[in-house]
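Colleague:
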Amino acid sequence: MRMVDLIEKKRDGGELSAEEIQFIINGYTDGSIPDYQMSALSMAIYFKDMTHQERADLTMAMVQSGDQIDLSPIKGIKVDKHSTGGVGDTTTLVLGPLVAALGVPVAKMSGRGLGHTGGTIDKLESVAGFHVEIENQEFIDLVNKNRIAVIGQSGNLTPADKKLYALRDVTATVDSIPLIAGSIMSKKIAAGADAIVLDVKTGAGAFMKTLEDSRALASAMVSIGNNVGRKTMAVISDMSQPLGYAIGNALEVKEAIDTLKGEGPEDLTELCLTLGSHMVVLAEKADSLEEAREKLVQTMKDGSGLQTFKTFLESQGGDSSVVDQPEKLPQAKYMIEVEAQEDGYVSEMTADEIGTAAMLLGAGRATKESEIDLAVGLMLNKKIGDRVEKGDSLVTVHSNFEDISKVKSLLLENIKLTKHPVQKPVLVYEEIT
Ligand code: URA
Ligand code: CA
Numbered sequence: 031m032r033m034v035d036l037i038e039k040k041r042d043g044g045e046l047s048a049e050e051i052q053f054i055i056n057g058y059t060d061g062s063i064p065d066y067q068m069s070a071l072s073m074a075i076y077f078k079d080m081t082h083q084e085r086a087d088l089t090m091a092m093v094q095s096g097d098q099i100d101l102s103p104i105k106g107i108k109v110d111k112h113s114t115g116g117v118g119d120t121t122t123l124v125l126g127p128l129v130a131a132l133g134v135p136v137a138k139m140s141g142r143g144l145g146h147t148g149g150t151i152d153k154l155e156s157v158a159g160f161h162v163e164i165e166n167q168e169f170i171d172l173v174n175k176n177r178i179a180v181i182g183q184s185g186n187l188t189p190a191d192k193k194l195y196a197l198r199d200v201t202a203t204v205d206s207i208p209l210i211a212g213s214i215m216s217k218k219i220a221a222g223a224d225a226i227v228l229d230v231k232t233g234a235g236a237f238m239k240t241l242e243d244s245r246a247l248a249s250a251m252v253s254i255g256n257n258v259g260r261k262t263m264a265v266i267s268d269m270s271q272p273l274g275y276a277i278g279n280a281l282e283v284k285e286a287i288d289t290l291k292g293e294g295p296e297d298l299t300e301l302c303l304t305l306g307s308h309m310v311v312l313a314e315k316a317d318s319l320e321e322a323r324e325k326l327v328q329t330m331k332d333g334s335g336l337q338t339f340k341t342f343l344e345s346q347g348g349d350s351s352v353v354d355q356p357e358k359l360p361q362a363k364y365m366i367e368v369e370a371q372e373d374g375y376v377s378e379m380t381a382d383e384i385g386t387a388a389m390l391l392g393a394g395r396a397t398k399e400s401e402i403d404l405a406v407g408l409m410l411n412k413k414i415g416d417r418v419e420k421g422d423s424l425v426t427v428h429s430n431f432e433d434i435s436k437v438k439s440l441l442l443e444n445i446k447l448t449k450h451p452v453q454k455p456v457l458v459y460e461e462i463t
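Okay, so the sequence shown: first residue is 31 according to this note's numbering, each after it adds one.
This is the structure we're talking about:
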């Protein structure tokens, strides 16, 4: 087999076989296929697309390029949730304990990553003592005992994807549905999930800005998952504005605690109930979505979700008293209000720009080496559709430096007001199974 022939085949619109895809991915991982040939193939895929079978074969070839996590010693159906990113998305912190309280095993492998705020692990590390450096065996034991544990990314997972994603980044081939879908699904499958619930975001703060693109990505991932024997479904949810009110690490932990108590923001609560219901049904802990939702609401009301969160924190060294005394979480030095300059209704709150404002405060990492400030971030006081009077606070900025003029102007530029009443955006657009 020669790579040049396979590039030509794809260039001319042909379908690659499983063996050919295996040859490509193996060769690229071990270095025998050079970057320039892989670039040409990626561009051919960008223009000619891949069939369902090719997408599934590409995904599994990437899964097999490295280690695969074996979660079989954990009892029950392991359901993972994946979000395609967004701003102030606190769902994992809420969903984990909620579904675990209903007996769904949550074996979460998580990373730090780049972004407007830290990843799930960074957020959790704002709880004093909490750590994810645990051995695989301890991880398995904790999930069997408490139904939930989080471990840092370990081992050599999907090296083919790492290499290919970096190459796509510099060859203008990131925006290809088969390549994105394969990339995301290979990581989930290698991490050992039996079933997968995808939260595909749509809007300004999302990877996919339009509903049409989000739907295409969601369908592609659902089809790959089901084709390779992992039950998969997707929810398409709004990311035109940030989710909830908190954007920042410790601030989001506090927001998650409120939501576990049933006192969280309406949109965050609703999305958690939607995604959680699907997780509970896939894990066979309820027969219908309605029953699952009722059970989830019950775990908020009776405190079992919150108790599961406390036990989880303690089991990984965390000081669980923050749940009752959230003032023990890292606090920023300054709290500064950003006030509305006129009366009106909030019509836009551009999620990605608001995220950038949080990052300027130090809530996220711009490069792998940057240090995160866990205390800082934004608390939104208004969301799209809300009425505001001149002088009302739109956002409370939690900062460790006093001069926030840059952050403030970025916020004011991206929170638009109009004279006419505005509808709240739809939260959940579609569910794809
Ligand atoms: N996220 C990924 O993990 N992979 C992609 O290709 C795009 C977004
Ligand atoms: Ca939030």
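C-beta: ideal position from N, C-alpha, C; glycine also. Everything numeric in this text was worked out from a predicted model, so none of it was measured.
Rounded to a whole number of angstroms, what is the C-alpha to C-alpha distance between residue 40 and residue 295?
Modeller: 48 angstroms
Colleague: Just to confirm the assignment, what range does the beta strand (DSSP E) spanning residue 439 have?
Modeller: No beta strand (DSSP E) holds residue 439; the alpha helix (DSSP H) holding it covers 435-444.
Colleague: Going along the chain, which residues of its own chain have a beta-carbon closer than 7 angstroms to the beta-carbon of residue 406, five neighbours each way excluded?
Modeller: 278, 362, 391, 392, 393, 428, 429, 430
Colleague: How would you call residue 186, buried or exposed, if buried means at least 16 neighbouring beta carbons within 10 angstroms?
Modeller: exposed
Colleague: Could you have a look at residue 278 and say whether DSSP puts it in helix, strand or coil?
Modeller: strand
Colleague: Thinking C-beta only, is residue 452 closer than 8 angstroms to residue 375?
Modeller: yes
Colleague: Nearest to residue 272 by alpha carbon, out of 102, 134, 67, 384?
Modeller: Considering only alpha carbons, the answer is 384.
Colleague: How about residue 204: is its Cβ closer than 7 angstroms to a heavy atom in ligand 1?
Modeller: yes
Colleague: Where residue 167 and residue 140 are concerned, what is the direct C-alpha to C-alpha distance, given to the nearest angstrom?
Modeller: Taking the straight line from one Cα to the other gives about 17 angstroms.
Colleague: With contact counted as at least three CB pairs below 8 angstroms, one residue from each stretch, are the stretch 312-332 and the stretch 230-248 in contact?
Modeller: no
Colleague: What span of residues does the alpha helix (DSSP H) with residue 319 cover, start to end?
Modeller: 319-331
Colleague: Got a sec? Which residues, its chain only, sit under 6 angstroms from residue 152 by beta carbon, not counting five neighbours each side?
Modeller: Cβ neighbours of residue 152 beyond the five flanking positions: 142, 279, 402.
Colleague: Using the C-alpha atoms, what's the distance from residue 387 back to residue 154?
Modeller: 21 angstroms
Colleague: Tell me which residues pass a beta-carbon proximity test against ligand 1: closer than 5 angstroms to any heavy atom, given in chain order.
Modeller: 210, 213, 214
Colleague: If you draw a straight line from the alpha carbon of residue 253 to that of residue 417, how long is it in whole angstroms?
Modeller: 42 angstroms
Colleague: What is the residue span of the alpha helix (DSSP H) that residue 78 lies within?
Modeller: 65-78
Colleague: Express the C-alpha separation of residue 216 and residue 90 in angstroms, rounding to a whole number.
Modeller: 7 angstroms
Colleague: From the DSSP output, in three-state form, read off residue 398 for me.
Modeller: Residue state, collapsed to three classes: coil.
Colleague: On the three-state DSSP scale, how would you describe residue 419?
Modeller: Here residue 419 sits in coil by DSSP.
Colleague: At the 8 angstroms Cβ level, is residue 44 part of the contact set with chain B, yes or no?
Modeller: Structure shown: chain B not included; a single protein chain is present.
Colleague: Give me the Cβ distance between residue 226 and residue 188, rounded to the nearest whole Å; I'm assuming they're in contact under 8 angstroms.
Modeller: That pair is no contact at about 15 angstroms.
Colleague: Would you check if the stretch 66-74 and the stretch 197-214 touch, i.e. whether three or more CB-CB distances between them fall below 8 angstroms?
Modeller: yes
Colleague: Could you have a look at residue 390 and say whether DSSP puts it in helix, strand or coil?
Modeller: helix
Colleague: Give me the Cα-Cα distance between residue 462 and residue 265, rounded to the nearest whole angstrom.
Modeller: 6 angstroms
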